[in-house]
Amino acid sequence: MLDNVTINQLRAFVAVCDQGSFSGAARKLSRAQSAISHAIKALESAFDVELFDRNTRKAQLTAAGRSLLPDARAVISRTEEMKTRAGSIARAGAPQLSVAIDVYFPRAHLIDCLRTLQAELPTAAINLRITTMQGGERLVLEKVCALAVTIQNVPEVSPDAMERHWLCEAEMVTLCAPSHPLASTPKPIPVDEFGRHVQIVVTDNQPEAEKTQQGVAGKRLWLVNDLGAKRDLLKAGLGWGHMPRHLVGEDLASGELVELERRAWHLGPLTFVISQRRGYDLSPCESRLVELLGNNQRG
Numbered sequence: 001m002l003d004n005v006t007i008n009q010l011r012a013f014v015a016v017c018d019q020g021s022f023s024g025a026a027r028k029l030s031r032a033q034s035a036i037s038h039a040i041k042a043l044e045s046a047f048d049v050e051l052f053d054r055n056t057r058k059a060q061l062t063a064a065g066r067s068l069l070p071d072a073r074a075v076i077s078r079t080e081e082m083k084t085r086a087g088s089i090a091r092a093g094a095p096q097l098s099v100a101i102d103v104y105f106p107r108a109h110l111i112d113c114l115r116t117l118q119a120e121l122p123t124a125a126i127n128l129r130i131t132t133m134q135g136g137e138r139l140v141l142e143k144v145c146a147l148a149v150t151i152q153n154v155p156e157v158s159p160d161a162m163e164r165h166w167l168c169e170a171e172m173v174t175l176c177a178p179s180h181p182l183a184s185t186p187k188p189i190p191v192d193e194f195g196r197h198v199q200i201v202v203t204d205n206q207p208e209a210e211k212t213q214q215g216v217a218g219k220r221l222w223l224v225n226d227l228g229a230k231r232d233l234l235k236a237g238l239g240w241g242h243m244p245r246h247l248v249g250e251d252l253a254s255g256e257l258v259e260l261e262r263r264a265w266h267l268g269p270l271t272f273v274i275s276q277r278r279g280y281d282l283s284p285c286e287s288r289l290v291e292l293l294g295n296n297q298r299g
């Protein structure tokens, strides 16, 4: 008869003991009181013992009930442990990773991180979105992505719902084509002089996105939503702008772009942060990716 004992019967038994009544157990387990009574009777039939004294108004355990209660708790505990372990195995077997990466993040480092992650977790399913400005955090808020790599000085989309953690930094340089007037301007160049020329600025497609721009010197702006397009416009001599050094190293070495020295205008490194919903617990796969991305130090 013991083969007929179910985990739900044991849960009903423990709930009656914890709540002190059949009605209390029914409320706790969101079941009808008759279902609780039926479960206890079935359990008593399987064990061939009485678990509760029916002569008292309160659910009073018999000697047999007191003896079996620790065993019931142990079985339930082991069952929960097994469920948790099974869930972990399922997640480890096919981990899911959805992350938004700002377009300014060092691409070569990102590829190295993904290559390492693929070697360690070959079954991982990765959803990667390349975003600009506040785009990554919007995807996190919409639960399209679990995490976003965001630039720190971009205003938060929803500070009450999001939290940020420092990740790494990347060096920025100011540059233009050798044919641009700024290339022949005496160095260092003041901010006012930069403001006289068209600045190429990356933005996203959101309303009023220009209000979130950083490192802007004046009103003469050309807005693009693609970093590759910005690089092409700079190389064509159509304006000047700031770029991550890791993206223009070859252009500077070949002379297709020249670095401009600024006067009394500090341009710090790009600081990247991990954006996530408040209270969100990273999975092992997500934690590993964050660890790998943060190893860039200063790109």
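Residues 1 to 299 (the UniProt record's numbering) make up the sequence shown, in order.
C-beta: ideal position from N, C-alpha, C; glycine also.
Given residue i as reference, the closest of the options once Cα atoms are compared
i: residue 191; options: 219, 284, 148 and 165; result: 219
i: residue 65; options: 273, 12 and 180; result: 12
i: residue 283; options: 31, 51, 50 and 97; result: 97
i: residue 15; options: 4, 31 and 180; result: 31
i: residue 130; options: 124, 147, 69 and 123; result: 147
i: residue 237; options: 140, 177, 224 and 226; result: 177
i: residue 61; options: 22, 84 and 79; result: 22
i: residue 253; options: 279, 106, 175 and 239; result: 175
i: residue 233; options: 290, 180, 24 and 216; result: 180
i: residue 137; options: 127, 155 and 109; result: 155
i: residue 106; options: 167, 76 and 79; result: 167
i: residue 53; options: 226, 78, 20 and 70; result: 20
i: residue 51; options: 68, 228, 187 and 82; result: 68
i: residue 286; options: 108, 127 and 77; result: 127
i: residue 187; options: 215, 75, 46 and 258; result: 258
i: residue 279; options: 74, 268, 140 and 172; result: 140
i: residue 248; options: 76, 221, 172 and 268; result: 172
Beta carbon of residue i nearer than 8 angstroms to that of residue j
i: residue 170; j: residue 246; result: yes
i: residue 202; j: residue 235; result: no
i: residue 124; j: residue 95; result: yes
i: residue 149; j: residue 101; result: yes
i: residue 276; j: residue 142; result: no
i: residue 289; j: residue 99; result: yes
i: residue 103; j: residue 227; result: yes
i: residue 4; j: residue 35; result: no
Contacts around residue i, its chain only, beta-carbon distance under 7 angstroms, and the 5 residues preceding and following it disregarded
i: residue 189; result: 182, 260, 261, 262 and 263
i: residue 165; result: 273 and 274
i: residue 9; result: 39, 42 and 43
i: residue 211; result: Per-residue confidence for residue 211 stands at a pLDDT of 48, beneath the threshold of 50, marking its modelled position as unreliable; no derived number is given.
Burial state of residue i, where buried means 16 or more other Cβ atoms lie within 10 Å
i: residue 270; result: buried
i: residue 121; result: buried
i: residue 135; result: buried
i: residue 59; result: buried
i: residue 6; result: exposed
i: residue 266; result: exposed
i: residue 132; result: buried
i: residue 26; result: buried
i: residue 80; result: exposed
i: residue 244; result: buried
i: residue 208; result: Because residue 208 carries a pLDDT of 49, less than 50, the predicted location of this residue cannot be relied on, and no value is offered for it.
i: residue 217; result: buried
i: residue 161; result: exposed
i: residue 72; result: buried
Cβ neighbours of residue i in the same chain (closer than 6 angstroms, five flanking residues each side left out)
i: residue 159; result: none
i: residue 152; result: 271 and 273
i: residue 256; result: 235
Cutoff 8 angstroms: residue i Cβ touching any chain B Cβ
i: residue 70; result: Absence of chain B from the displayed structure is noted, only one protein chain being present.
Cut-off 8 angstroms between Cβ atoms - residues of its own chain near residue i, not counting five sequence neighbours on either side
i: residue 193; result: 182 and 185
i: residue 116; result: 292
i: residue 240; result: 174, 175, 176, 180, 182, 194, 197, 198, 199, 200, 234 and 260
i: residue 37; result: 22
heavy atom of the ligand FMN below 7 angstroms from residue i C-beta
i: residue 291; result: Of ligands this structure carries none, so the ligand FMN is not represented either.
Sheet register partners of residue i (DSSP bridge)
i: residue 270; result: 170
i: residue 60; result: 53
i: residue 277; result: 162
i: residue 221; result: 199
i: residue 99; result: 128 and 147
i: residue 175; result: 241 and 259
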